[in-house]
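Below: one structure, written as structure tokens.
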Amino acid sequence: MTFKKSNEAFWWSLFSAGGVLSAMFLPAFVVISGYVLPNQSSADPGRAPYEHIHGIVSWWPVRVLLFGVIAFTFFHVAHRIRHVVNDLGWRHHTAPLSLVCYGGAFAGAGTAAWLLLTLPSVAQ
Amino acid sequence: MADAIQHDILIIGGGGAGLRAAIAVAENDPDLSVALVSKVYPMRSHTVAAEGGAAGVVKDNDSFAAHCSDTISGADWLADQDAVEVFVAEAPGELTQLEHWGCPWSREPSGHVAVRPFGGMEQERTWFAADKTGFHMLHALYQTSLKYEGRIRFYDEWFATKLLVEDGRCQGVVAIELRTGLMHTLAARAVIMCTGGAGRIFAFTTNGAIKTGDGMALAYRAGVPLKDMEFVQYHPTGLPGTGILITEAARSEGGILVNKHGDRYLKDYDLGSPLDVTDPRHPQKRAMELGPRDRLSQAFVKEHEKGNTIDSPFGDVVHLDIRHLSAKKIRLKLPFVRELAMNYAGIDPIREPIPVRPVVHYMMGGIHTDIHGATPLPGLFAAGECACVSINGANRLGSNSLTELLVFGARAGASAAAFAREHETVHIAALDTQADDERRRIREEFLTKDGGTERLAALRSELFNAMEQGAGIYRTEESLRQTYRTVESLHERYRNLQIDDHSNCYNTELTAALELRNMLDVAEALLHSALERKESRGSHQRTDHPARDDSKYLKHTLAYRRDDGPPRIKYQDVVITKWPPGKRVYGAEASEAATGC
Amino acid sequence: MKQRYGTPLGPTWFLGRAAYRRFMAREATAFAMAVFLVYLLLWLRSLGQGYTAYGQMIELAKHPISVFVHGLIFGAVLYHSATWFNLTPKIMPMYVAEEKVPDFWAAIIMGYLPCVAVTTVVLWAVLRSAG
Amino acid sequence: MPDTTITLDVFRFQPDGGGHARRSTDGPTFKAYRVPYHEHWVVLDALNWIKDELDGTLSYRWSCRMGVCGSCGMMVNGVPKLTCAAFLKDYYPGTIRVEPLTYFAVERDLIVDMDGFLGKLKSVKPWLIRENEKPVDEGEYLQSPNELASFKQYSMCINCLLCYAACPVVGAEEDFIGPAALAIAQRYNLDSRDQGAAERADALSADEGAWGCTFVGECSEVCPKNVDPAGAIQRVKVDNVKDWYRKLLMPWGHR
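Residue numbers (the working numbering), protein chains in the order written: chain A, 30 to 153; chain B, 81 to 677; chain C, 14 to 144; chain D, 5 to 259.
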């Protein structure tokens with residue numbers, strides 16, 4: 030048998046990193062965005078909750094962390110979706126599929142980077 | 081009809097011996113082409129089921145002389161001592177070679193190979209890979225053999241039906257390619273038989289379905305004598321019902337045998353006196369549970385006669401108790417024992433004793449060869465259980481057989497290669513003519529035949545039961561004669577056999593029919609050899625001749641097939657070099673010697 | 014050519030065995046996570062746009078559909094975390110003093126406990142002074 | 005026949021029709037056999053009883069009947085099993101459906117074509133590779149019990165192919181090297197005596213190698229010897245990733 034070289038190692042490494050980060054962080058994130066923040070805001074209609082959350086997110090270590098989680102999770106998601114579509118029968122001419130999946134992940138990661146970089150810091 | 085296939089060396093059988101022989105040729109004579117013909121894929125061969133280990137002197141406190149003397153006394157002095165010396169001397173190298181080929185031998189903390197004691201052995205010298213030694217050896221050999229692409233050609237699932245002899249030399253075989261049903265002529269300058277034993281002629285055996293004595297029967301029908309066939313080893317610890325082997329390693333790690341009173345009954349059979357299981361000197365070597373297999377199996381029968389065995393749905397049993405070993409040790413050293421006991425006896429040996437009874441395990445006898453693996457038929461060589469060199473004599477010691485297939489597999493490979501270099505001509509046309517006859521015979525006797533009335537399974541089970549009844553652990557003139565008459569009549573009825581399957585692709589009923597013929601031939605040689613040996617020695621116990629008789633029977637039996645009537649029996653002297661025949665001593669005196677130093 | 018037996022052909026091949034269905038469910042969590050990532054980006058954008066935009070975003074999050082979708086996503090994310098932690102010891106076996114830690118414990122030590130810790134810290138940070 | 009019986013629904017197929025013409029593209033046919041029920045019987049015992057007593061034309065492979073030769077793997081009620089270890093009592097009183105291993109070409113009845121597997125096994129070079137062979141008379145290569153333990157599990161594979169019949173990737177991609185062969189490759193890669201990882205890398209790091217695996221994990225579930233091929237394959241992936249980055253960062257390096 031002869032074998033072709035594969036670059037799957039690269040994509041898989043991003044997938045794995047995203048898998049770990051998302052498994053660790055997303056449960057908390059989903060609870061916060063779906064339950065904590067909406068309920069906080071209704072309890073206190075003032076600016077306090079906004080400023081509090083803004084303060085946390087705009088702290089540079091948090092920006093970096095958020096970027097990591099979001100970017101790698103994008104690649105995790107892209108890799109899995111690519112394989113699911115594969116498994117559902119799309120097994121030939123897979124280049125466009127990969128392009129869409131990983132392209133989307135790059136776009137998502139890029140958007141996250143831009144949003145986090147341009148997020149104004151809290152005025153001291 | 082397919083064209084004849086030609087190679088330099090033809091190996092029949094892809095188990096440990098066959099693979100070792102193939103690699104020996106491929107490594108040393110890369111110009112020779114090797115064909116490995118096996119009726120199953122090589123890794124299915126029954127070497128895979130060997131559990132306990134492979135003996136080879138490797139530790140400082142051990143010596144070649146000790147291994148020789150254990151083997152020879154274990155054999156009840158029926159082993160050829162020159163062969164034993166060669167075997168013992170080459171054993172460590174072969175086992176190390178296997179280590180270099182990746183066999184995962186169990187290790188000591190120092191990183192050296194670990195050894196365990198074994199029955200009838202004075203020192204720890206049994207190399208092991210947990211309790212799946214044969215499995216690991218076979219897969220290491222098979223996977224290593226894949227390296228020699230182009231030199232070793234595999235004919236997997238080809239079933240040899242006849243040896244082709246021309247010009248006084250064995251020059252090939254006829255073999256059925258099971259996938260297509262085509263019967264091919266395979267021609268070669270030399271042929272090596274490595275087809276394993278024939279335990280399947282008995283009802284209750286540790287042997288797999290494939291062990292039907294094919295190679296022995298092929299050689300026997302080609303005029304080659306079968307040697308010492310009366311010696312059949314019963315392993316003392318098989319699971320009732322299935323006959324699945326519980327390895328001797330269970331005892332060498334400290335397991336004990338007890339009867340229904342909880343008594344370690346072996347003490348009553350000249351096997352020494354028991355030490356408490358907490359005693360650091362337990363298990364004692366060459367004593368009690370670590371006595372030789374023939375004596376332990378015989379002790380079971382005596383206990384049974386005394387009414388001391390335990391009733392079970394599948395015949396009487398005694399208990400093999402390993403509960404006092406720690407759960408950790410059982411998991412580490414005897415995982416397969418536990419797996420087998422849990423699956424097939426429904427008990428966890430960490431908490432309950434294992435029910436066991438003696439079970440047919442190994443054929444000491446086989447195709448007559450010299451220490452080079454050569455048979456009396458030029459061009460035909462043999463190694464492994466199908467051969468009788470002989471190093472096992474009247475009783476093989478546990479863990480000598482795995483080593484034997486390495487040592488003599490390699491030797492047979494080298495001898496066959498040397499023979500092939502000296503005999504270059506192969507008479508293809510004449511072989512093809514012979515093969516045509518064989519093809520016609522098989523078609524007429526089985527595939528196109530109609531109107532036979534005998535069913536394969538019925539004949540086979542009659543053979544099983546007759547052998548069990550008449551040629552078991554204890555035999556008499558009468559029991560052997562009775563069984564011999566049954567086998568004769570089965571031979572007769574076999575002519576009237578009718579098989580259902582007339583197709584070509586994987587006609588497993590046809591192979592089973594051909595195997596039955598092989599088993600009947602082997603049984604015939606076995607029974608007649610046993611009838612003629614009017615003494616008791618090792619595994620051959622005649623209640624009508626209970627003593628060993630060196631004056632008449634310190635000889636190998638050679639059974640030659642005759643077309644009409646029973647085989648002609650001849651005898652050949654045993655080779656004695658340094659160990660004159662003596663009394664087999666186990667237990668008391670042996671342990672005295674051990675504590676003395 | 015010889016025909017192979019039982020080859021999965023259609024896109025519903027995985028429905029046949031429970032193990033295959035579990036596998037597909039695990040892989041499909043990616044779709045839920047994709048939706049959440051997009052939502053997260055929108056949320057980040059609103060945060061950057063200031064108090065008003067953020068307030069609108071939060072109002073949106075209170076909508077029952079959003080609550081429902083968050084519930085689905087939460088289930089998918091938990092399933093992803095659990096399967097991921099359970100499989101981690103197979104990828105990176107854990108050893109303590111050269112003894113292999115059983116997979117069950119390795120999953121707890123390498124997966125579940127850190128996850129609980131992370132969740133606690135993040136929630137604490139967010140809830141700290143908001144009340 | 006004893007009072008209690010159990011029915012086996014057995015897949016039948018003969019390429020040469022046993023004399024009757026039949027194309028290999030014909031759908032499978034099943035034949036029901038009533039077999040005496042014994043608690044201690046395994047499916048293989050029942051098949052042997054059928055072959056001996058009812059129908060000599062039924063073909064299948066078997067030998068050791070103690071779960072170590074690896075011959076008798078079949079689908080039992082849709083799950084890959086060693087039939088010598090599948091007890092009738094676990095199915096009684098229901099009917100037992102016996103089929104050849106899925107994702108393999110069927111030769112006849114319950115016998116499948118193994119040649120593809122053997123080619124795959126050979127492609128990963130499943131033997132110990134050394135830069136310099138040590139002469140036998142210099143003794144063994146040292147290996148500590150822990151070094152042994154690190155690969156021992158993966159050396160337990162009996163080549164029964166149950167894992168292939170459990171793997172949907174095998175079903176979809178005929179060239180996928182598959183669980184057993186990859187686990188055996190990893191067994192050698194992890195062996196402290198072996199120096200052949202680089203030689204095996206081509207096969208292992210190809211799309212047909214470890215990267216074909218999507219970690220369904222069913223191979224490890226059905227493995228009768230607890231080899232855990234799924235785990236082995238993921239570890240091949242990790243090693244492969246390390247290699248990939250090493251080559252990226254240190255292209256001048258040897259490996």
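We treat Cβ as the ideally placed atom computed from N, Cα and C, and that holds for glycine.
From the options, residue whose alpha carbon lies closest to that of residue i
i	options	result
Asn-4 of chain D	D:Gln-190, D:Asp-94, D:Glu-178, D:Arg-38	Not covered by the structure: residue 4 of chain D. The range shown for chain D is 5 to 259.
Asp-211 of chain B	B:Ser-143, B:Arg-249, B:Ala-134, B:Ala-270	B:Ala-134
Cys-164 of chain D	D:Glu-151, D:Met-79, D:Gln-238, D:Arg-197	D:Met-79
Phe-98 of chain C	C:Phe-87, C:Trp-137, C:Cys-128	C:Cys-128
His-399 of chain B	B:Gln-364, B:Ala-330, B:Lys-413, B:Glu-589	B:Ala-330
Asp-348 of chain B	B:Pro-372, B:Ala-283, B:Pro-320, B:Glu-383	B:Glu-383
Arg-535 of chain B	B:Val-128, B:Glu-525, B:Leu-577	B:Leu-577
Cys-274 of chain B	B:Lys-650, B:Arg-431, B:His-126	B:His-126
His-441 of chain B	B:Phe-284, B:Gly-645, B:Tyr-640, B:Arg-124	B:Phe-284
Ala-138 of chain C	A:Ile-82, A:Phe-101, A:Ile-110, A:Phe-96	A:Ile-82
Gly-93 of chain B	B:Met-309, B:Leu-485, B:Gly-426, B:Met-422	B:Leu-485
Gly-133 of chain A	A:Phe-103, A:Trp-119, A:Leu-148	A:Phe-103
Leu-146 of chain A	A:Pro-78, A:Trp-88, A:Lys-33, A:Phe-54	A:Trp-88
Val-242 of chain D	C:Ile-104, C:Leu-73, C:Arg-39	C:Ile-104
Glu-595 of chain B	B:Arg-540, B:Ile-390, B:Glu-557	B:Arg-540
Asp-450 of chain B	B:Met-443, B:Phe-461, B:Met-444	B:Phe-461
Whole-angstrom distance between residue j and residue i, CA atom to CA atom
i	j	result
Arg-628 of chain B	Pro-106 of chain C	60 Å
Arg-27 of chain D	Gln-18 of chain D	Caution is warranted here: a pLDDT of 45 is assigned to Arg-27 of chain D, below 50, making its placement in the model unreliable, and no coordinate value can be reported.
Asp-356 of chain B	Leu-638 of chain B	45 Å
Tyr-345 of chain B	Asp-401 of chain B	13 Å
Ser-127 of chain A	Glu-111 of chain D	38 Å
Thr-176 of chain B	Ser-186 of chain B	13 Å
Met-217 of chain B	Phe-58 of chain A	54 Å
Leu-43 of chain A	Phe-135 of chain A	12 Å
Phe-546 of chain B	Lys-408 of chain B	The amino acid at residue 546 of chain B is misidentified as Phe; the sequence shows Ala. Ala-546 of chain B and Lys-408 of chain B: Cα-Cα distance of roughly 43 Å.
Phe-282 of chain B	Thr-483 of chain B	25 Å
Glu-465 of chain B	Cys-227 of chain D	31 Å
Ile-508 of chain B	Ala-267 of chain B	7 Å
Cβ neighbour criterion (16 or more within 10 Å) applied to residue i
i	result
Pro-626 of chain B	exposed
Asn-108 of chain B	exposed
Ile-78 of chain C	exposed
Arg-561 of chain B	exposed
Thr-31 of chain A	exposed
Phe-311 of chain B	buried
Asn-36 of chain A	exposed
Ala-504 of chain B	The identity of residue 504 of chain B in the sequence shown is Glu, whereas the question assumes Ala. By the neighbour-count rule (16 or more Cβ atoms within 10 Å), Glu-504 of chain B is not buried but exposed.
Lys-307 of chain B	buried
His-341 of chain B	exposed
Trp-40 of chain A	buried
Pro-24 of chain C	exposed
Lys-33 of chain A	exposed
Whole-angstrom C-beta distance between residue j and residue i, which should lie under 8 Å
i	j	result
Leu-116 of chain B	Phe-234 of chain B	5 Å
Arg-231 of chain B	Ala-106 of chain B	4 Å
His-93 of chain C	Ala-38 of chain A	Not quite, the Cβ-Cβ distance comes to about 22 Å (not below 8 Å), so this is no contact.
Leu-100 of chain C	Val-106 of chain A	At roughly 17 Å, the Cβ-Cβ gap does not stay under 8 Å, so Leu-100 of chain C and Val-106 of chain A are not in contact.
Leu-174 of chain C	Thr-140 of chain A	Within the shown structure, residues of chain C are numbered from 14 to 144, placing residue 174 of chain C beyond reach of any answer.
Tyr-424 of chain B	Glu-237 of chain B	The pair is not a contact, with the Cβ atoms about 27 Å apart (cut-off 8 Å).
Exercise for the section: Any chance you could list the alpha helix (DSSP H) runs of at least 4 consecutive residues sitting entirely within the region 79-134 of chain D, in chain order? Expected result: 119-127
Practice task
Counting only runs of 4+ residues fully inside the region 204-246 of chain D, write out the alpha helix (DSSP H) ranges in chain order.
Solution key: With a minimum length of 4 residues, the unbroken runs of alpha helix (DSSP H) contained wholly in the region 204-246 of chain D fall at 222-226.
Exercise for the section: May I have a chain-ordered list of the beta strand (DSSP E) segments no shorter than 3 residues that lie completely inside the region 358-415 of chain B? Expected result: With a minimum length of 3 residues, the continuous beta strand (DSSP E) runs that stay inside the region 358-415 of chain B are 398-401.
Practice task
Only counting runs of 3 or more residues, tell me where the beta strand (DSSP E) segments fall wholly within the region 284-337 of chain B, in order along the chain.
Solution key: 312-318
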